[in-house]
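A.B. asks: My numbering numbers the first residue of the sequence shown as 332 and each following residue consecutively. Before anything else, here's the structure in question.
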Amino acid sequence: MLILSGNNFEHLPRSIAQLGALEYLDLSDCKRLTQLPEFPQKLDTIHVDWSNASICNLLFQNMSSLQHDICSSDSLSLRVFRSSEEDIPSWFNNQGMGTSVSVNLPKNWYVSDNFLGFAVCYFGEYSIACITAHLIPLSCDDGMSSMTQEFALPNNCGWNFIILLVPLGGLWDASNANEKTPNDYGCIKLDFRETDNDFEETDDDFEENMKFGVRLLYKNESELCIGKRKSRYEEEATCSSSKKQRP
332 MLILSGNNFE
342 HLPRSIAQLG
352 ALEYLDLSDC
362 KRLTQLPEFP
372 QKLDTIHVDW
382 SNASICNLLF
392 QNMSSLQHDI
402 CSSDSLSLRV
412 FRSSEEDIPS
422 WFNNQGMGTS
432 VSVNLPKNWY
442 VSDNFLGFAV
452 CYFGEYSIAC
462 ITAHLIPLSC
472 DDGMSSMTQE
482 FALPNNCGWN
492 FIILLVPLGG
502 LWDASNANEK
512 TPNDYGCIKL
522 DFRETDNDFE
532 ETDDDFEENM
542 KFGVRLLYKN
552 ESELCIGKRK
562 SRYEEEATCS
572 SSKKQRP
């Protein structure tokens, strides 16, 4: 356990990465932080000021560096961090309730060498075992189909508040892209599942106790030039059921 809350430092020493047994790090109220070192492998609990957008960006960019080598496989494991919070922070600008969340992607959302992935936050009383991500195409007319990948989560996801990063590299399948780019896809849908099927066994109102937040993560948001699409997509977005709607 390492408690550094309330300090005025701007960065942490790189030697923290060598603390192989460190599992708990408290950086709450460290308002001047501008840089984070690589986290040790066993670290799974971190506390920060979630109302500070700069800290949120900093933390997820650090998580992105931990997963830079993720590649396509049948089942990928994501790095997950636990924290303490009473609700989804407003920094996650796409929020929903239930066992899935869909986000309509803006025009030109993918910027090479800038887009890092999808920052995800879960708040609720049920443990999450895996996430299935679906990247939905704008149109199926060219034979395009959704790109789907299941990501396994570690067993420590029973806490009320967890954060993780879904990297595009683990979802994007260049061999099936048919010369298309990520910008030809207009929706990301995330399905959350618990191994023991607790979702199906609970009361009808269980969705009220499960909240999710998603944010598109970039290295530098100030360099973005993205805009709204002229169409929006049904939340149940599949090639057979997705329909374009006029705003």
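Note that CB positions come from ideal geometry on N, CA and C, so glycine has one too. These numbers come from a predicted model, not from an experiment.
Put SER421 into one of helix, strand or coil per three-state DSSP.
C.D. replies: For the purposes of this step, residue 421 is identified with residue 90 of the sequence shown, where counting begins at 1. Coil at SER421, not helix or strand.
A.B. asks: What are the partner residues of TYR355, as DSSP defines its beta bridges?
C.D. replies: In the sequence shown, counting from the first residue as 1, residue 355 sits at position 24. Answer by DSSP bridge pairing, in chain order: THR376.
A.B. asks: Just to confirm my understanding: we take ASN540, look at its own chain, exclude 5 residues before and 5 after, and list those with CB closer than 7 angstroms. What are they?
C.D. replies: Locating residue 540 in the sequence shown gives position 209, counting from the first residue. The answer, listed in chain order, is GLY455, GLU456.
A.B. asks: Using 10 angstroms around the beta-carbon of PHE340, count the other beta-carbons present and answer buried if the total reaches 16, otherwise exposed.
C.D. replies: On the sequence shown, position 9 is the one that residue 340 refers to. Classification for PHE340: exposed.
A.B. asks: In whole angstroms, what is the alpha-carbon distance linking GLY351 and CYS471?
C.D. replies: Taking the first residue of the sequence shown as position 1, residue 351 is located at position 20. Taking the first residue of the sequence shown as position 1, residue 471 is located at position 140. Between the alpha carbons of GLY351 and CYS471 lies a distance of about 48 angstroms.
A.B. asks: Given 8 angstroms as the limit, tell me if CYS387 has its C-beta closer than that to any heavy atom belonging to the ligand MG.
C.D. replies: Inclusion of the ligand MG in the displayed structure is not the case, the ligand content being empty and no account of it being possible.
A.B. asks: Check whether the Cβ atoms of ASN424 and ARG546 sit closer than 9 angstroms, and answer yes or no.
C.D. replies: Position 93 of the sequence shown, counted from the start, is the residue given in the question as residue 424. Position 215 of the sequence shown, counted from the start, is the residue given in the question as residue 546. Yes, they are a contact pair.
A.B. asks: Starting from the C-beta of HIS378, find all residues in its chain whose C-beta is less than 7 angstroms away, skip the five residues before and the five after it, and write them out in chain order.
C.D. replies: Counting from one through the sequence shown, the residue named residue 378 turns up at place 47. Cβ within range, chain order: ASP357, LEU358, SER359, SER414, SER415.
A.B. asks: Fully enclosed by the region 411 to 470, which beta strand (DSSP E) runs are 3 residues long or longer?
C.D. replies: Under the rule that a run must span 3 or more residues, the beta strand (DSSP E) segments found entirely inside the region 411 to 470 read 411 to 413, 425 to 428, 431 to 435, 446 to 455, 461 to 468.
A.B. asks: Could you say which of SER421, ASN507, LYS542, GLN480 lies nearest to ASN388 if we only look at CA atoms?
C.D. replies: For the purposes of this step, residue 388 is identified with residue 57 of the sequence shown, where counting begins at 1. Cα-wise, what sits closest to ASN388 is SER421.
A.B. asks: Check whether the Cβ atoms of MET450 and ILE494 lie closer than 9 angstroms to each other.
C.D. replies: Numbered from 1 along the sequence shown, position 119 holds the residue referred to as residue 450. Numbered from 1 along the sequence shown, position 163 holds the residue referred to as residue 494. It is worth fixing the name first, because residue 450 is Ala in this sequence and not Met. Yes.
A.B. asks: Do ASN445 and ASN514 have their beta-carbon atoms positioned less than 9 angstroms apart in this structure?
C.D. replies: Against the sequence shown, residue 514 aligns to sequence position 183. Against the sequence shown, residue 445 aligns to sequence position 114. Result no, Cβ atoms of ASN514 and ASN445 do not sit closer than 9 angstroms.
A.B. asks: Using the rule of at least 16 other Cβ atoms within 10 Å of the residue's Cβ for burial, across every protein chain shown, is GLN349 buried or exposed?
C.D. replies: The residue you call residue 349 lines up with position 18 of the sequence shown. Per the 10 Å Cβ criterion, exposed.
A.B. asks: Counting only runs that start and end within the region 474 to 515, where is the beta strand (DSSP E) found for 3 or more residues in a row?
C.D. replies: 478 to 483, 492 to 497
A.B. asks: Between which two residues does the beta strand (DSSP E) holding MET541 run?
C.D. replies: Your numbering for residue 541 matches position 210 in the sequence shown. Where MET541 is concerned, the enclosing beta strand (DSSP E) stretches over 541 to 549.
A.B. asks: How would you label LEU469, buried or exposed, when you count the other beta carbons within 10 angstroms and need 16 or more for buried?
C.D. replies: Indexing the sequence shown from 1 puts residue 469 at position 138. With 16 or more other Cβ atoms from the protein chains shown falling within 10 Å of its own Cβ, LEU469 counts as buried.
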